[in-house]
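Worksheet: one structure, shown below.
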DNA sequence: TACTATCTCTATTGATTTAGTAGGGTTTGT
DNA sequence: ACAAACCCTACTAAATCAATAGAGATAGTA
């Protein structure tokens, strides 16, 4: 199963995407908004930074920002930073009949996860939220 | 990453598929042929039996057999017995923007893994093996 | 019946990974 | 100087994974 760390990373990036263009978000802002343990989030954001997806500003008024516009960042790119590989690869398993299936599964999965970008996700989340308001108000 | 247990299960089922129609294979035969720790394989075969994919005969001349013809058994069916779910599902995560992506990833993955049956795998393994013999003999 | 080869069940162990915490640092704006 | 932020290394507790142990049940056969 996909790890909690991965779902935290995705939620954090979604928050950064929503904020894109504004002033940087601090670890504590994101942690509070997304209900992620702050010290854990700190480690996750460091990983994302090392991968080049985010950058950070230290000191007062610092925080994290996306390096890439949300429309050019996919779920797959975030997942691959946080989650290791899901299927055995050629190096480990030469001459394995299952290898081709693993490769196909891997590339199919990549295609699905690379398909949706964070700009779209922000819109979809907005739609979900207004749906909710409507439902409550009935 | 896909578990060792899962790769053991697949190799065991492949051995049973290759043997389909013959006399049952014992845990020790499969364990030796596929280099799987026998007591671990025992537990795996029990899971497969409880799921209805294999059945077993106790006592002398006993062992395990496939319940289904190899041509009607897919990799996906075996993987699903051994591996839990890979993505969060609706029950846990209502109102999550990522949910639809997880559902799509799940069904795409299912399609890939359900595509290849064990009869085909046995043939492909035979082909791999004869390729090897040719390569060595050059 | 006794024997042996087989599967069956529950429990336990050791290693690894996951999830999270602690305690220091360093940088920057005021 | 101070406070607000990020940065780094290490640690711990819980869960899961991989494997093992020991005792039992079943079935064929001499």
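Chains as they are written, first to last, in our numbering: chain A, 41 to 178; chain B, 41 to 178. In this text, a Cβ means the ideal position worked out from N, Cα and C, and glycines have one as well.
Buried versus exposed call for residue i [16 or more other C-beta atoms within 10 Å across all chains shown]
{"i": "residue 43 of chain B", "result": "exposed"}
{"i": "residue 171 of chain A", "result": "exposed"}
{"i": "residue 110 of chain A", "result": "buried"}
{"i": "residue 51 of chain A", "result": "buried"}
{"i": "residue 59 of chain B", "result": "buried"}
{"i": "residue 117 of chain B", "result": "buried"}
{"i": "residue 63 of chain B", "result": "exposed"}
{"i": "residue 114 of chain B", "result": "buried"}
{"i": "residue 71 of chain B", "result": "buried"}
{"i": "residue 151 of chain B", "result": "exposed"}
{"i": "residue 173 of chain A", "result": "exposed"}
{"i": "residue 157 of chain A", "result": "buried"}
{"i": "residue 76 of chain A", "result": "buried"}
Expected contact under 8 Å - CB spacing of residue i and residue j to nearest Å
{"i": "residue 159 of chain B", "j": "residue 57 of chain B", "result": "7 Å"}
{"i": "residue 104 of chain B", "j": "residue 65 of chain B", "result": "6 Å"}
{"i": "residue 145 of chain B", "j": "residue 153 of chain A", "result": "6 Å"}
{"i": "residue 148 of chain A", "j": "residue 148 of chain B", "result": "5 Å"}
Residue i - DSSP class collapsed to helix/strand/coil
{"i": "residue 115 of chain B", "result": "helix"}
{"i": "residue 174 of chain B", "result": "helix"}
{"i": "residue 157 of chain B", "result": "strand"}
{"i": "residue 129 of chain B", "result": "coil"}
{"i": "residue 166 of chain A", "result": "helix"}
{"i": "residue 110 of chain A", "result": "helix"}
Terminal residues of the beta strand (DSSP E) in which residue i lies
{"i": "residue 106 of chain A", "result": "103 to 106"}
{"i": "residue 42 of chain B", "result": "It is not in any beta strand (DSSP E) - residue 42 of chain B carries neither H nor E in the DSSP assignment."}
{"i": "residue 96 of chain B", "result": "94 to 97"}
Top-ranked residue by Cα proximity to residue i, from the options
{"i": "residue 55 of chain A", "options": "B/137, B/175 and B/45", "result": "B/137"}
{"i": "residue 39 of chain A", "options": "A/53, A/104 and A/80", "result": "No answer is possible for residue 39 of chain A: the residues shown for chain A start at 41 and end at 178."}
{"i": "residue 79 of chain A", "options": "A/87, A/168 and A/67", "result": "A/67"}
{"i": "residue 46 of chain A", "options": "A/65, A/125 and A/59", "result": "A/125"}
{"i": "residue 61 of chain B", "options": "B/86, B/107, B/156 and B/128", "result": "B/107"}
{"i": "residue 83 of chain B", "options": "B/115, B/114 and B/121", "result": "B/121"}
{"i": "residue 166 of chain A", "options": "B/166, B/135, B/99 and B/155", "result": "B/135"}
{"i": "residue 91 of chain A", "options": "A/119, A/69 and A/73", "result": "A/119"}
{"i": "residue 12 of chain B", "options": "A/141, A/163 and A/99", "result": "Nothing can be reported for residue 12 of chain B: it is not among the residues displayed for chain B, which extend from 41 to 178."}
{"i": "residue 164 of chain B", "options": "A/139, A/48 and A/41", "result": "A/139"}
{"i": "residue 123 of chain A", "options": "A/88, A/100 and A/133", "result": "A/88"}
{"i": "residue 41 of chain B", "options": "B/175, B/102 and B/127", "result": "B/127"}
{"i": "residue 49 of chain B", "options": "B/97, B/73 and B/85", "result": "B/85"}
Host alpha helix (DSSP H) of residue i (start-end)
{"i": "residue 70 of chain A", "result": "67 to 74"}
{"i": "residue 147 of chain A", "result": "139 to 153"}
{"i": "residue 84 of chain B", "result": "78 to 90"}
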